[in-house]
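Using our numbering, you'd call the opening residue of the sequence shown number 23 and step up by one each time.
Ideal placement from N, C-alpha and C gives every residue a C-beta, glycine not left out.
Notes to accompany the following structure.
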Amino acid sequence: YMTTTVIAAVLGVILVLLIHPGNPKLKENLGEGAKNDEVSSLDAFFDLIRNLFPENLVQACFQQIQTVVKKEEVQPDFDDTNSTDYLSNATKPPPIFTDKKSLQYKSGMNVLGIIGFFIAFGICMGKMGEKARLMIDF
């Protein structure tokens, strides 16, 4: 046990010296990066709550729910009664995009939902007492 611990510690120190994780010079070469405004922390929190209480336990073994943001083009409203505005603005206006949020299932096991279900199931079995003996013995 002591030998493997010493080997792991030495290997860890060697890898840190070779790779330099968290090196600020490497971050400068990568640049600033693009900010993703589509993912909000509130949506992620609601996804956690939705996944904690799955609608279908069998489906939770294969899929989990996720909020997806899609950009949709919205056609601007034209006022036909104002002809001068229409003639002066004869070119097509640039498209206007709005964000539309929807829920989709993605592949992957919903471990949080399965654990949440079995915790609730265990609490119910414990509260039932002797009535749940058949299920406990099963």
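- With contact defined as three or more Cβ pairs closer than 8 Å, the stretch 117 to 137 and the stretch 78 to 93 are in contact.
- Excluding residues up to 5 positions away in sequence, 118 and 120 lie with their Cβ nearer than 6 Å to the Cβ of residue 96 in the same chain.
- Per DSSP, residue 62 lies in no alpha helix (DSSP H) segment and is marked neither H nor E.
- Within a 10 Å sphere around the beta-carbon of residue 76 sit 16 or more other beta-carbons, which makes this residue buried.
- In the same chain as residue 138, and ignoring 5 residues on each side of it, the C-beta atoms closer than 6 Å to its own belong to 74, in chain order.
- Taken atom to atom, the span from the alpha-carbon of residue 46 to that of residue 151 is near 59 Å.
- If you draw a straight line from the Cα of residue 71 to the Cα of residue 147, it comes to about 23 Å.
- Membership of residue 81 in the alpha helix (DSSP H) is indicated by the continuous run 79 to 82.
- Looking only at 93, 116, 83 and 158, the smallest Cα-Cα distance to residue 131 is reached by 83.
- The straight-line gap separating the alpha-carbon atoms of residue 38 and residue 142 is approximately 43 Å.
- Look at residue 75 here: in three-state DSSP terms it is coil, with no helix or strand label.
- The C-alpha of residue 40 is placed about 25 Å away from the C-alpha of residue 24.
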